[in-house]
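K.L.:
Line by line, the protein sequences are chains X and Y. One rule links them: number in our numbering = place in the first sequence (from 1) + 65. One rule links them: number in our numbering = place in the second sequence (from 1) + 3.
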Amino acid sequence: MKVGVLVFPGTWSHQDFAHVLQDVLGCDWGYVWHKDTSVSGYDCLILPGGFAHGDYLRCGAIARFSPVMEAVVRFAKSGGPVIGSCNGFQILCEAGLLPGALLRNTSLQYRCRWVHIRTESTATPFTRTLRVGQVLTMPISHGEGRYFAAPETLAELQANGQIVFRYSAPDGRITAEANPNGALDNIAGICNEGRNVVGLMPHPERAAESLLRSEDGRLLFDAMRAAATRS
Amino acid sequence: MLEARIHVTLKKSVLDPQGDTVKSGLASLGFTTVQDCRVGKFMVLRLNETDAAAARARVDEMCRKLLANPVIEDYVFQINEVAG
Chain X
66 MKVGVLVFPG TWSHQDFAHV LQDVLGCDWG YVWHKDTSVS GYDCLILPGG
116 FAHGDYLRCG AIARFSPVME AVVRFAKSGG PVIGSCNGFQ ILCEAGLLPG
166 ALLRNTSLQY RCRWVHIRTE STATPFTRTL RVGQVLTMPI SHGEGRYFAA
216 PETLAELQAN GQIVFRYSAP DGRITAEANP NGALDNIAGI CNEGRNVVGL
266 MPHPERAAES LLRSEDGRLL FDAMRAAATR S
Chain Y
4 MLEARIHVTL KKSVLDPQGD TVKSGLASLG FTTVQDCRVG KFMVLRLNET
54 DAAAARARVD EMCRKLLANP VIEDYVFQIN EVAG
């Protein structure tokens with residue numbers, strides 16, 4: 066399996082992903098520059114966090130016009146597994162690959178801390194080896210992470226089981242205190258209808274080694290690899 | 004030469020914590036008559052066009068496709084004649 070890590074001007078988490086892929090997982094990977102027009106040869110794509118194109122206008126709004134995005138959309142539409150974390154999640158929403166949008170945190174403050182997220186769906190390539198209700202510990206680092214969708218969109222997400230992660234207490238209870246940004250329904254991550262595109266605000270790549278306090282992020286990579294080996 | 008003046012604000016149904024913070028700032032200065040405050044973006048485009056109707060259609064498309072995100076934002080704009 067070869068994993069493509071997308072890099073836009075202003076992306077900042079690509080080296081963290083590269084480190085996990087290479088040094089922790091021993092996995093084949095490569096960077097995909099935003100001006101590239103093809104993603105052929107890759108079995109999975111990662112959109113890392115950062116501030117693509119300075120987040121001008123809105124987070125992810127300009128990145129959607131980067132030449133590589135046409136190839137990413139084709140890859141996603143053909144069922145290829147795609148995961149976006151933090152700014153990558155914002156880009157996937159702006160590109161229309163995921164429903165909804167991410168707004169300024171209700172606190173108006175940047176939040177950089179550890180959170181607990183409860184697994185709500187295991188029917189994605191990145192969560193299929195987890196179990197529903199499993200609580201993962203990962204860091205967040207964002208100013209615009211408040212997930213929002215129109216009431217009818219939220220109802221669809223709930224009905225289709227497209228909510229993948231929700232902010233929770235360490236024991237898995239969904240509480241207002243556990244919600245770091247005011248996200249609708251404590252939503253931390255969702256998937257598309259085809260279930261192959263996943264976006265989440267937390268950073269799995271910063272929680273993939275015990276040295277960094279949590280190895281829970283690694284579970285998403287392991288699930289992805291298991292899915293790739295099977296197919 | 005035409006000029007488009009575009010205002011983009013969060014939809015009424017979307018919480019605007021920045022607007023609420025500005026409102027409470029105004030209240031603490033004694034401006035207690037402020038009922039609601041919404042903070043948004045203001046954009047000015049100079050257009051190489053002479054037909055206001057055509058310009059209006061094009062700016063509307065620009066707003067829908069990029070300048071505003073229809074999931075969370077509303078927009079209004081005016082088209083004015085300006086000296087080239």
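Note that the Cβ used here is the ideal one computed from N, Cα and C, for glycine as well. Here the structure is a predicted model, which is why all the values come from computation and not from measurement.
Where His181 of chain X and Gly198 of chain X are concerned, what is the direct C-alpha to C-alpha distance, given to the nearest angstrom?
P.N.:
Looking at the two C-alpha atoms, the distance is approximately 11 Å.
K.L.:
If we call anything under 7 Å between Cβ atoms a contact, is Gly237 of chain X one with Val200 of chain X?
P.N.:
It is a contact, given that the beta carbons lie within the stated cut-off.
K.L.:
Near Gly114 of chain X, which residues of its chain fall below 8 Å by C-beta distance, leaving aside the five closest residues on each side in sequence?
P.N.:
Thr76, Trp77, Ser78, Ser150, Cys151, Asn152, Gly153, Ser206, His207 and His268, listed in sequence order.
K.L.:
Please report how far the alpha carbon of Ala160 of chain X lies from the alpha carbon of Ile228 of chain X, in whole angstroms.
P.N.:
About 19 Å.
K.L.:
In this structure, does DSSP put Phe213 of chain X in helix, strand or coil?
P.N.:
In the structure shown, Phe213 of chain X sits in a strand (DSSP, three-state: E or B).
K.L.:
Please compile the residues from chain X whose C-beta is within a distance smaller than 8 Å of the C-beta of Val62 of chain Y.
P.N.:
Those within 8 Å of Val62 of chain Y in chain X number zero; the least Cβ separation is about 15 Å.
K.L.:
Please classify Ile156 of chain X: does DSSP put it in a helix, a strand, or coil?
P.N.:
It is helical.
K.L.:
In terms of alpha-carbon separation, which member of Y:Gly33, Y:Arg41 and Y:Arg59 lies closest to Leu48 of chain Y?
P.N.:
Answer by Cα proximity: Y:Arg59.
K.L.:
Can you grab the Cα-Cα spacing for the pair His99 of chain X / Lys142 of chain X, in whole Å?
P.N.:
C-alpha separation (whole angstroms): 19 Å.
K.L.:
For Lys100 of chain X, does the three-state DSSP call read helix, strand or coil?
P.N.:
DSSP places Lys100 of chain X in coil when its eight states are reduced to three.
K.L.:
Name the chain Y residues that come within less than 9 Å of Gly165 of chain X, Cβ to Cβ?
P.N.:
Here the neighbours are Val74 and Ile75.
K.L.:
Is any beta-carbon of chain Y found at less than 7 Å from that of Phe73 of chain X?
P.N.:
It does not; no Cβ of chain Y falls within 7 Å.
K.L.:
Residues of the segment 190-223 of chain X in Cβ contact with chain Y at a cutoff of 9 Å, in chain order, please.
P.N.:
From the segment 190-223 of chain X, only Arg211, Phe213, Ala214, Ala215, Pro216 and Thr218 have a Cβ closer than 9 Å to chain Y.
K.L.:
Is the separation between the beta-carbon of Phe191 of chain X and that of Ile148 of chain X shorter than 7 Å?
P.N.:
It is a contact, given that the beta carbons lie within the stated cut-off.
K.L.:
Let me know the secondary structure DSSP gives Ser143 of chain X once reduced to three states.
P.N.:
In the structure shown, Ser143 of chain X sits in coil (DSSP, three-state: anything other than H, G, I, E or B).
K.L.:
Within a Cβ cutoff of 7 Å, which residues of the same chain sit near Val17 of chain Y, ignoring the five residues on either side of it in sequence?
P.N.:
Result list for Val17 of chain Y: Ile75, in chain order.
K.L.:
With 7 Å set as the bound, which would you pick, yes or no: does the beta-carbon of Thr240 of chain X sit closer than that to a beta-carbon of chain Y?
P.N.:
No, Thr240 of chain X lies away from the interface with chain Y (no Cβ there is under 7 Å from its Cβ).
K.L.:
On the three-state DSSP scale, how would you describe Lys68 of chain Y?
P.N.:
Residue state, collapsed to three classes: helix.
K.L.:
Is the Cβ of Thr184 of chain X closer than 7 Å to any Cβ of chain Y?
P.N.:
It does not: the Cβ of Thr184 of chain X has no partner Cβ on chain Y nearer than 7 Å.
K.L.:
With a 10 Å radius around its C-beta and 16 neighbouring C-beta atoms as the bar for buried, classify Gln38 of chain Y as buried or exposed.
P.N.:
Under this definition Gln38 of chain Y is an exposed residue.
K.L.:
In terms of DSSP beta bridges, what is Thr184 of chain X paired with?
P.N.:
Answer is X:Phe230.
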